[in-house]
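Per our numbering, the very first residue in the sequence shown carries number 512; after that it's consecutive.
Here a beta-carbon is modelled for each residue, glycine too, at the ideal position from N, C-alpha and C.
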Amino acid sequence: MSSDFIFGIHDFGGEEHMRAARKPGWIVFSEVVGHDPNDLTGKDYSSLSRQGLGVIVCLNNGYFPQGTLPPSSEYANFARRCANFVGASKGCSRWVIGNEMNYAIGRPSLASALDTRKHFGDAPAGDPTLRSLPDRFSALLSANDREAILDSVEGEELITPQLYANCYGMCRQAIHDLEGHEGDQVLVGAVAPWNTQTVYPGNPSGDWIKYFQDILLQCGASGCDGITLHTFTHGANPTLILDNSKLPGFPQHHCHFQAYRDFMHAIPVNMRQLPVYITETDQAGPWENVNRGWIQAAYAEIDRWNRQNTQKIRALVLYRWPQLDRWHIKGKEGVIEDFRAALRHDYRWNVETELVQPARRVERQPDIQPEARPNLQPEKPVERGPTRVVEERQEVEVTEEMRMGRGMVYRVQWLKGKPPSPLYPGQVISFPVTVRNTGTIAWPAGGPQQVSLGYHFFQNRQELPYPDGSPVLTELPNDVAPGETVTIDAQMVIPDHPGNYTLVLDLISGGENWFQTMQSDILTRWLSVSKAPQTAGAEQAVEPEAETVIQERVTADPAPQPETTPGLQVRAEARSSSAPHGPPIVDIASSLPRGENPFALRTLDQIRRLVICHTAAPSGVPIQTVAQAHISQGYPGIAYHYFVLESGEILQVAEIEAVVNDEAEWSLTGVNICLEGNFDEAVPPPAQLTAAAQLCAWMLPRFQLTAESVVGMCELLDTSSPGNTFDYGPAWKRALNEKIIQFLTDSPLSPPAEGVGEETPGPPDDSPAVTEPERIPAPKPPIEDVVERLPRDPQRFVQREAVDIEFIVINHTAAPPITPLQTIAAAFHRRLPGILYQFFIASNGAIYQTQPLMEVVDGRVPYIARAINIGFAGEFSDDIPTPAQIKSGRQLIAWLMEEFPQLTLASIRGVNEFINHTSPGEQWLQGRRWKDILINAVRTGDDAIATVDATPGGEPGPGSKGLEPGSSQAANGRMELIGGEDEQSQGGVLGAQEQPIQRELVARPQIRDISHELPRHPTLQYRRRQLAAITNIAVHHTALPPRVGPEQIAQTHVDEDLDRGKSAWSGIGYHYFIPADGEILQTQPVELRTHHVDRHNSYAIGVAFAGSFMNGATPAPQQIHAGARLIAWLLQEFELQLTDVLGHNEFSYNATPCPGSEWLEGNRWRDTLMAEIERVQSGLPPYHYVLFPSEALMTETLEEASHYFDEFKPVAGTFLEDALQARYVTLVGAGTISTAEAERRLADAGVEIDHLEDSDAIPAAQRLLQLAHDGRRFRSLLES
């Protein structure tokens, strides 16, 4: 009459499925037996027990209002009646006494049934036992509502733990006294979870767990045979099975299915050998007729408990099978299929307990001195709770949406997944993608439901077809259980054409069911596919279109070689021109213990220093023990990145992007290097100190840091680490710095001691042989380093060594000399990682370093990979560089030849000596042959030759051709657009070149600062951050009607909301706010670290669009236009890329619908916004602007004429300044100025105007609707 399986159902009907699966489990019956001691009736359950099914019977005095137990004066009679029932029954040996005794409905009432019914109301339909009343789970109600339901009905008797234990003891004794039933299990009745209605001395809050524990303490270990529990979820979402959320009023207790663990942990230690049965579980509401996997997830969780704990849960019983109330399962095939799927597993309660010791966990070693242990923690976390026991699985974080039942059994958390760059059409790539299974069932790596990784490409909101009609899928390396993490080597085919694309990564089950369709998260990336480079020696390198000055011709496209140049491998993390070779490093990061919480992540640009620490423990303490000590203090893992052993061996112990505390400066901005040992009195031995110096010297150039950036932890925190001797006494910091500088000095730029090897043959040189004179020592000329002020993608550059350099290649910009360097760099940046040149010489002779010497935009093309490229400002088809440029070029080349002894005069070549190209102009090798002028100047060190063909003063000579009028006009027009007249100095062209880097490509939009007008918290303050730390822009929606402004939102952010688990904030979380009318509002200074993207607040700017963009809704065109202008300007100000703009839900650990379901799906307003940002960045004006005289009229017209705006998508607004930039303007009115004045200014700006004045006779909305009906954008204009 027992079962080895944990499966179970309430009442007859479902046992056939258990029998069919050969998993005979349990059946629970609830019987009303009354308390008449003369009633001798019973029931026969033997037909079930003979089939191997376990039977459990719950004995109740009655249902409401008789009470699950009778009044205490009748306990003896009730005990006798229970014994009578047991003695008269067959096929059962497990008896439960009472049910949910703390629920007021279960109390016995001495009043009439009618009076009691009046107190509670009539029974709801399909709920004869009043299971569905809100009172049942009263802890879920507000505090006021909980207080209201504590009023008891006159004449009812509370079943306190003492009274229940008395009744239970009598019943148990009476049953055990029966012959043949001495060994029966008499079980304690289940307590109603989340019910606070039974208040008694010692439990003033009615805590149900306290009530449960008090009952067991009253019964005692020797007076109890077993325990029953109830647990539920509040919704049908299977992710709620693993939900670890807690109740606001009872923060120590779980809110959903995990409540069973609260009960289990409350069982007294001396009673943890007793059997436990969960005799009721469901979804709180009626079962949905859908196979959501809820039942499978529930049984998997109980099996997981049984495998990890010695006290077993023998049954999980589904409530209920027959159609006796609204919770029936019979007839619901979806639920039944879910049950059948669970029955395929061999879940038994009597499994051997597994030792819960994950491989990564290491016991604390006894040789750590107690006084040394605190020093293993670099900084104690603030306000952390007590450390919990880490269980085998990764706890799944469940969002509010999931709690509301809108998720699915398949759920994924995307931890890593960044495609490489650059990307070329048709390229086949692979890159690592790391994901965690946060769902409730395992992902099989094989079989009919095999889970694989797939992807989709979108362009202009249209999904691209797969090359062969079916997705390219990558298999999982192994099965992935819930809570486990896996890294997949993703395979992908890049689209066939250059352009910008949206990449969506998703998992797929069975080759057809995408996880996204089951409400799981996806990973979205914005990719740029570059034009396929030509092969070396191609007839003509393609040049960018010369539509505007910003798109002037650049020198040449990189061209791929059949084989990669030796020694030139992409090293994305290295950014310096002089990084020493790295020391030997052993990476053990993946083998060290990890805590429950994940590491926070940072970008490499946030690294500002190297931080030296010591363990403050004796040498020989295992690194695993150090990691475990940090975890015990609440960190996600070891707080260091590198660990230097006493022997000098270097271990990498964490990924460089991982930080343990992104709110602490030492953690967020530091690479933490720990030296093994305690240096309060001693100093590191030579081998250890040398290894640490080598490591630092290797790291510093990677992050463009200097030796002064190496600091001790004691310089950042109130601690002695890395020991008292670091700064005092022996002061080994000085020795460390000296060694670092020594290693840095031995860099690739230093001339090699021996002669370099033979040169790789270059292209044939038809120019006359150059006689090499004795070298003249050349000092370094004045050079301004502007590398970090130009647009560039550091990760895409290719690293090289000094010995790779064989040529000095001369270029011309092929643009007017006044073209700003920023503009030229931006033109290159559209197709390459950055500007091609390492140096740029302006027309006035100013020298700018534009790229590090050891980084190139392409590692496959000889004239790029093996050369230092110098760009001369100007177009030299008919002219030559100015004397100032020749002089500066001579000084720069002579110094470079001094730095790189392998370079000779024969190494100086033009681009057109490598490939069929015009650069550096026709005058390079013929005509005025300025190659000879330049080489002679370098040879002799005399600039006199350079002035032979030039007019003094730098003006063009008689034979020179001045600027083309069209080019000059285009350049001047561009100058006005990006900087205005004030930026042009008196020096004209020369002045423009003196400050090329200050000119803005994107003008600052009109921004109204209201940050000081919004509600703020009286005491709390947001922390400040360095502007250099900003690396991302986060896009939000307010998820409210568009009319809700920043004032209301700020007040909501400031206010504490305990019901939502939200604490008070200092102020509004967003930095910028775009209301429905398209105005740009600044709501917080960007240097404040506000709350808007969890775990990423330290480096993200928050931009919020007013509105809720769900179910087809998207921002208004004027919002898109304003947001794009703002973001384009912010990207420029903080030197960010378009790929640094992410929606709130695209940041890791942020499973939220924000900025709306239409951001990545449906209308995909992300693509619309990105395209508009690109338009703003390119300097192209908006196509069509509808100018209104007032916001009120605009709002009214947008609503009434929405069809017109949906059809033609013009920008709508009230700002004349914005309208002046458009190509076409529909003029409804101009607000503060007359329509005539607005028309004059628009005409002066070259804008074409379509008149549409609003009048009483024919409103603007009506005119626009008529145009939309006719399929016309304008009344009086024709679109060109």
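Close Cβ partners of residue i (< 6 Å) along its chain, the five nearest in sequence each way excluded
| i | result |
| --- | --- |
| residue 1289 | 1405, 1406, 1409 |
| residue 524 | 832, 833, 841 |
| residue 1411 | 1316 |
| residue 478 | Limits of the chain in this structure are 512 at one end and 1791 at the other, which puts residue 478 out of reach. |
| residue 584 | none |
| residue 813 | 517, 824, 827 |
| residue 1019 | 963, 965, 1025 |
| residue 1340 | 1302 |
Local Cβ density within 10 Å of residue i, reported as buried at 16 or more and exposed below that
| i | result |
| --- | --- |
| residue 601 | exposed |
| residue 1080 | Residue placement at residue 1080 is flagged as unreliable, the pLDDT there being 30, under the threshold of 50; the coordinate-derived value follows with that caveat. Flag for residue 1080 reads exposed. |
| residue 1651 | buried |
| residue 1614 | buried |
| residue 531 | exposed |
| residue 1057 | Confidence is the limiting factor: at residue 1057 the pLDDT is only 30, short of 50, which leaves the residue's position unreliable, though a coordinate-based value still follows. Exposed is the call here. |
| residue 552 | exposed |
| residue 526 | buried |
| residue 1291 | exposed |
| residue 1549 | buried |
| residue 1129 | exposed |
| residue 1573 | exposed |
Test item: CB-CB of residue i and residue j under 8 Å
| i | j | result |
| --- | --- | --- |
| residue 935 | residue 517 | no |
| residue 1595 | residue 1610 | no |
| residue 1776 | residue 1786 | no |
| residue 1354 | residue 1384 | yes |
| residue 1334 | residue 1350 | no |
| residue 1320 | residue 1378 | yes |
| residue 742 | residue 722 | no |
| residue 1674 | residue 1665 | no |
| residue 1124 | residue 1224 | yes |
| residue 1308 | residue 1374 | no |
| residue 1527 | residue 1578 | yes |
| residue 546 | residue 576 | no |
| residue 940 | residue 933 | no |
In DSSP terms, what residue i is bridged to
| i | result |
| --- | --- |
| residue 607 | 569, 698 |
| residue 973 | 970 |
| residue 927 | 945 |
| residue 1124 | 1185 |
| residue 1544 | 1612, 1652 |
| residue 1600 | 1534 |
| residue 1620 | None, per the DSSP bridge assignment. |
Proximity test, residue i beta-carbon vs the ligand GTP heavy atom, cut-off 7 Å
| i | result |
| --- | --- |
| residue 703 | Among the components modelled here there is no ligand, and therefore nothing to report on the ligand GTP. |
Close-in-space but distant-in-sequence residues of the same chain around residue i (CB under 7 Å, 5 per side omitted)
| i | result |
| --- | --- |
| residue 578 | 572, 617, 618, 619, 620 |
| residue 1641 | 1544, 1612 |
| residue 1629 | 1588, 1589, 1722, 1723, 1724 |
Cβ shell of residue i (< 8 Å), same chain only, five flanking positions each side left out
| i | result |
| --- | --- |
| residue 642 | 836, 838 |
| residue 1733 | 1692, 1693, 1694, 1695, 1696, 1722, 1758 |
| residue 528 | 847, 850, 851, 854 |
| residue 1094 | 1161, 1202, 1205, 1206, 1209 |
Residue i at chain D interface by Cβ criterion, 8 Å
| i | result |
| --- | --- |
| residue 761 | Within the model displayed, chain D is absent; a lone protein chain is all it includes. |
Mind the definition here: the stretch 787-806 touches the stretch 718-732 only if three or more C-beta pairs lie below 8 Å; say whether that holds.
These segments do not touch.
Any contact between the stretch 1010-1023 and the stretch 1675-1688? By contact I mean 3 or more CB pairs, one from each, below 8 Å.
Judged by Cβ distances under 8 Å, the stretch 1010-1023 makes contact with the stretch 1675-1688, as three or more pairs qualify.
Can we say the stretch 604-616 touches the stretch 703-715, given the rule of at least three CB pairs closer than 8 Å?
The answer is yes - the stretch 703-715 touches the stretch 604-616, with three or more Cβ pairs under 8 Å.
Between the stretch 985-998 and the stretch 956-971, can you find at least three pairs of beta-carbon atoms closer than 8 Å?
Contact holds between the stretch 956-971 and the stretch 985-998, because three or more Cβ pairs, one in each stretch, are under 8 Å apart.
Three Cβ pairs or more, each shorter than 8 Å: is that satisfied between the stretch 1530-1544 and the stretch 1600-1609?
With a cut-off of 8 Å on Cβ pairs, the stretch 1530-1544 is in contact with the stretch 1600-1609, counting three or more such pairs.
Please confirm if the stretch 1153-1169 is in contact with the stretch 1101-1117, defined as three or more CB-CB distances below 8 Å between the two stretches.
Segments in contact, yes.
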